[in-house]
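Residue numbers (the numbering used here), protein chains in the order written: chain A, 41 to 293; chain B, 42 to 298.
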């Protein structure tokens with residue numbers, strides 16, 4: 041199995057999970073493992089179940105059967121476990137989901153203040169460091185509607201990082217962005233990958249997957265059809281479906 | 042209504058303008074209540090000699106409205122949360138409360154709280170009126186707040202929960218502040234209606250503005266000047282309330298500022 045260079049410590053173990061939306065079998069007996077420091081890109085057509093799978097990793101979607109264990113915590117119906125997992129797992133959404141009634145700074149400090157017993161001053165120091173890291177220290181006191189989509193997504197990344205998560209989930213983080221803003225978000229994500237963060241990224245950005253990912257996971261019909269290092273996946277995939285998918289993607293880009 | 046944007050220096054921020062407007066309107070309200078007897082005493086009979094009474098009645102009306110209005114907001118939030126709860130009994134209770142208090146006349150509710158409840162515990166006229174008015178406005182507020190909560194995008198809840206915030210923290214820090222802002226215009230309407238509805242406290246003997254008007258009319262047999270005066274005082278009070286609430290709305294509206 042493909043691996044980040046740091047170590048082979050397993051962080052997330054997924055075993056035989058299934059999920060139905062009514063009659064529709066969205067996730068069909070999926071098992072896999074994610075390692076510390078690893079960057080995994082999840083690709084596939086819309087409706088293949090990749091976003092649902094990602095959202096199951098912090099239980100925004102429940103699984104009907106099977107098990108998901110994150111950093112030793114079993115992600116089941118136990119609310120304590122769910123909150124414990126969510127504090128360790130950062131999530132970035134396609135539509136940013138910043139809190140519109142709070143300033144950029146308050147968006148970032150809210151969770152650490154409530155959950156990490158930090159006072160406002162401590163939390164703001166950490167938040168300003170993160171904002172500097174994503175290049176937005178100037179925007180700290182603005183409201184979300186006053187900044188661009190690319191900036192909003194970088195704030196959303198900083199907000200998730202403020203909880204010092206062990207793994208970051210990205211659900212199509214650039215799909216709602218104008219083309220000229222995609223790069224600034226991808227650059228922040230590349231920096232994050234270089235810093236050793238464990239990242240699981242659902243994306244249509246094949247260039248990003250090829251350049252940054254340690255492993256590319258291809259979803260189809262609720263199953264992982266293939267997992268491979270990017271070079272193998274993009275250049276030497278034996279699978280007809282994957283080659284067709286890649287052909288479609290490159291004709292778009 | 043005077044637009045706040047035309048009377049302030051152009052350099053003032055919208056926040057500062059609405060803040061000043063709120064302060065100004067509150068000062069207006071108290072000055073009005075305090076100084077009301079003076080202009081009223083200049084008015085010819087039968088108003089002039091009853092100036093003190095009218096002023097006292099206006100104070101009681103404002104007290105009734107402010108106390109019931111504030112309790113009504115708390116009740117409205119609780120009932121809205123109950124009605125949206127995952128727990129069926131809580132949902133039924135919230136729905137039942139809203140159904141009863143929106144579906145029966147306020148006059149009956151006021152009389153019920155004064156004449157029917159005392160078997161359990163004796164409330165004063167004022168407190169009975171506060172109980173009935175706050176339960177009534179609470180039911181209307183609940184619907185406004187429920188609509189506000191339901192208008193919040195699901196992604197907001199997901200973002201808050203995915204950070205690890207509990208359901209309660211998510212409600213307090215993320216959902217409620219946004220939905221309250223959405224619910225504010227209908228809440229303000231309810232508040233202004235409440236000021237007028239508080240006149241129904243008259244039937245259980247609360248000595249508020251309408252009650253005074255009626256007393257003065259009975260003593261003087263001059264309904265026209267008495268009721269015009271009473272209505273004018275209500276009109277001034279509702280205008281000040283509208284000024285305050287409009288400014289509060291602008292204060293909370295970060296996205297337009």
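The C-beta atom is built at its ideal place from N, Cα and C for all residues, glycine as well.
For residue 98 of chain B, count neighbouring Cβ atoms within 10 angstroms of its own Cβ and tell me buried if that reaches 16, exposed if not.
The residue given as residue 98 of chain B occupies position 57 in the second chain. The residue in question, residue 98 of chain B, is buried, as its Cβ has 16 or more Cβ neighbours within 10 Å.
To which residues of the same chain is residue 56 of chain A closer than 8 angstroms at the C-beta, ignoring the five residues directly before and after it?
Residue 56 of chain A sits at position 16 when you count from the first residue of the first chain. 69, 70, 71, 105, 106 and 107.
Assess contact between the segment 231 to 247 of chain B and the segment 56 to 72 of chain B, defined as three or more Cβ pairs (one per stretch) separated by less than 8 angstroms. Is contact present?
no
Along chain B, which residues have their Cβ under 9 angstroms away from the Cβ of residue 61 of chain A?
As a position in the first chain, residue 61 of chain A is number 21, starting the count at 1. Going along chain B, no residue has its Cβ under 9 angstroms from residue 61 of chain A, so there is no contact; the nearest lies around 16 angstroms.
Near-chain B residues of the segment 110 to 135 of chain A (beta-carbon distance less than 7 angstroms), N- to C-terminal order:
Residues passing the 7 angstroms Cβ filter: 123, 126, 127, 131, 133 and 135.
According to DSSP, is residue 8 of chain B part of a helix, a strand, or is it coil?
Missing from the structure shown is residue 8 of chain B; chain B here goes from 42 to 298 and no further.
Contact check, residue 282 of chain A vs residue 258 of chain A under 8 angstroms by CB: the rounded distance?
As a working note, residue 282 of chain A is residue 242 in the first chain. As a working note, residue 258 of chain A is residue 218 in the first chain. Contact holds; Cβ gap of about 6 angstroms.
Where residue 65 of chain A meets chain B, residues with beta-carbon distance less than 9 angstroms:
Counted from its first residue, the first chain places residue 65 of chain A at position 25. By Cβ distance, chain B contributes nothing, its closest Cβ being about 23 angstroms from residue 65 of chain A, past 9 angstroms.
Is there contact between the segment 125 to 138 of chain B and the segment 151 to 168 of chain B, where contact requires at least three CB pairs shorter than 8 angstroms?
Below 8 angstroms, too few C-beta pairs join the segment 125 to 138 of chain B and the segment 151 to 168 of chain B to call them touching: fewer than three.
For residue 152 of chain A, which residues from the same chain have a beta carbon less than 6 angstroms from its beta carbon, with the 5 sequence-adjacent residues on both sides left out?
Reading the first chain from its first residue, position 112 is the one you call residue 152 of chain A. Here the set comprises 158, 163 and 202.
Give me the Cα-Cα distance between residue 85 of chain A and residue 294 of chain B, rounded to the nearest whole angstrom.
Here residue 85 of chain A refers to the residue found at position 45 of the first chain. Here residue 294 of chain B refers to the residue found at position 253 of the second chain. Whole-angstrom Cα-Cα distance: 40 angstroms.
To the nearest angstrom, report how far apart residue 91 of chain B and residue 257 of chain B are at their CA atoms.
Within the second chain, numbered from 1, the residue matching residue 91 of chain B stands at position 50. Within the second chain, numbered from 1, the residue matching residue 257 of chain B stands at position 216. Computed Cα separation, rounded: 7 angstroms.
Taking 8 angstroms as the CB-CB cut-off, is residue 118 of chain B touching chain A?
As a first step, residue 118 of chain B must be located in the second chain, where it is residue number 77. So, not an interface residue.
What three-state label does DSSP hand residue 72 of chain A in the structure shown?
Looking up residue 72 of chain A in the first chain gives position 32. Looking at residue 72 of chain A - three-state DSSP - the assignment turns out to be strand.
Taking the C-alpha atoms as reference points, what is the distance between residue 179 of chain B and residue 120 of chain B?
In the second chain, the residue the question calls residue 179 of chain B occupies position 138. In the second chain, the residue the question calls residue 120 of chain B occupies position 79. Going from the Cα of residue 179 of chain B to the Cα of residue 120 of chain B covers about 8 angstroms.
Closer than 8 angstroms, CB to CB, is residue 139 of chain A near chain B or not?
For the purposes of this step, residue 139 of chain A is taken as residue 99 along the first chain, with counting starting at 1. Yes, its Cβ sits closer than 8 angstroms to a Cβ of chain B.
Alpha carbon to alpha carbon, how far is residue 289 of chain B from residue 230 of chain B? Give it in angstroms, no decimals.
Against the second chain, residue 230 of chain B aligns to sequence position 189. Against the second chain, residue 289 of chain B aligns to sequence position 248. Rounded to whole angstroms, residue 230 of chain B to residue 289 of chain B spans 13 angstroms at the Cα level.
Go ahead and pull the three-state DSSP assignment for residue 210 of chain A.
Looking up residue 210 of chain A in the first chain gives position 170. The answer is strand: DSSP assigns residue 210 of chain A an E or B state.
Output yes or no for whether 8 angstroms exceeds the beta carbon distance between residue 186 of chain B and residue 118 of chain B.
Position 145 of the second chain holds residue 186 of chain B. Position 77 of the second chain holds residue 118 of chain B. The Cβ-Cβ distance between residue 186 of chain B and residue 118 of chain B falls below 8 angstroms.
In its own chain, which residues sit with a C-beta less than 6 angstroms from the C-beta of residue 49 of chain A, not counting the 5 before and 5 after it?
Taking the first residue of the first chain as 1, we reach residue 49 of chain A at position 9. For residue 49 of chain A, where only same-chain residues beyond five positions count, the Cβ hits under 6 angstroms are 76.
From what residue to what residue does the alpha helix (DSSP H) around residue 213 of chain B run?
Position 172 of the second chain, counting from 1, holds the residue named residue 213 of chain B. Segment: none, residue 213 of chain B is in no alpha helix (DSSP H) and carries neither H nor E.
Proximal residues to residue 133 of chain A (C-beta, below 6 angstroms), its chain only, five neighbours per side dropped:
The residue you call residue 133 of chain A lines up with position 93 of the first chain. Only 211 meet the Cβ criterion.
From the DSSP output, which residues share a beta bridge with residue 182 of chain B?
Within the second chain, residue 182 of chain B is the residue found at index 141, counting from 1. Residue 182 of chain B pairs with nothing; no bridge assigned.
Run of the beta strand (DSSP E) containing residue 239 of chain A, from where it starts to where it stops
One-based indexing of the first chain puts residue 239 of chain A at position 199. 238 to 242 is the span of the beta strand (DSSP E), which, as asked, contains residue 239 of chain A.
Range covered by the alpha helix (DSSP H) that runs through residue 283 of chain B:
Here residue 283 of chain B is taken as the residue at index 242 of the second chain, counted from 1. Its alpha helix (DSSP H) spans residues 264 to 293.
Identify the contact partners of residue 151 of chain A in chain B, using a Cβ-Cβ distance below 7 angstroms as the criterion.
For the purposes of this step, residue 151 of chain A is identified with residue 111 of the first chain, where counting begins at 1. Near residue 151 of chain A (Cβ distances below 7 angstroms), the residues of chain B are 204, 205 and 206.
Can you list, in chain order, the residues of its chain whose CB lies under 6 angstroms from that of residue 177 of chain B, leaving out five sequence neighbours each side?
Position 136 of the second chain holds residue 177 of chain B. Closer than 6 angstroms at Cβ, skipping near neighbours: 142, 147 and 150.
For the segment 103 to 130 of chain B, list every residue whose C-beta sits within 9 angstroms of some C-beta in chain C, in sequence order.
The structure shown contains no chain C; its protein chains are A and B.
Pull up the CB-CB distance for residue 150 of chain A and residue 142 of chain A, whole angstroms please, since I reckon it's below 8 angstroms.
Here residue 150 of chain A is taken as the residue at index 110 of the first chain, counted from 1. Here residue 142 of chain A is taken as the residue at index 102 of the first chain, counted from 1. With 8 angstroms as the limit, residue 150 of chain A and residue 142 of chain A qualify as a contact, their Cβ atoms being about 7 angstroms apart.
Mapping the DSSP letters down to three states, classify residue 267 of chain A as helix, strand or coil.
If you number the first chain from 1, residue 267 of chain A lands on position 227. Under the three-state reduction of DSSP output, residue 267 of chain A falls in the strand class.
Kindly say whether residue 260 of chain B, judged by its beta-carbon, lies nearer than 8 angstroms to any beta-carbon of chain A.
In the second chain, the residue the question calls residue 260 of chain B occupies position 219. Cβ-Cβ to chain A under 8 angstroms: no for residue 260 of chain B.
Alpha-carbon to alpha-carbon, residue 235 of chain A and residue 145 of chain A:
Numbered from 1 along the first chain, position 105 holds the residue referred to as residue 145 of chain A. Numbered from 1 along the first chain, position 195 holds the residue referred to as residue 235 of chain A. Straight-line spacing of the CA atoms in residue 145 of chain A and residue 235 of chain A works out to 23 angstroms.
Could you say which of A:238, A:263, A:290 and A:114 lies nearest to residue 275 of chain A if we only look at CA atoms?
Stepping through the first chain from its first residue, residue 275 of chain A is reached at position 235. Nearest option by C-alpha distance: A:290.
Alpha carbon to alpha carbon, what distance is there between residue 140 of chain A and residue 219 of chain B?
Walking along the second chain from the start, residue 219 of chain B turns up at place 178. Walking along the first chain from the start, residue 140 of chain A turns up at place 100. Cα-Cα distance, rounded: 8 angstroms.
May I ask you to report which of helix, strand or coil DSSP gives residue 182 of chain A?
Within the first chain, residue 182 of chain A is the residue found at index 142, counting from 1. Looking at residue 182 of chain A - three-state DSSP - the assignment turns out to be coil, as it is neither helix nor strand.
Determine, using beta carbons only, whether residue 299 of chain B comes closer than 8 angstroms to chain A.
For chain B, the structure presents residues 42 to 298; residue 299 of chain B sits outside this window and is missing.
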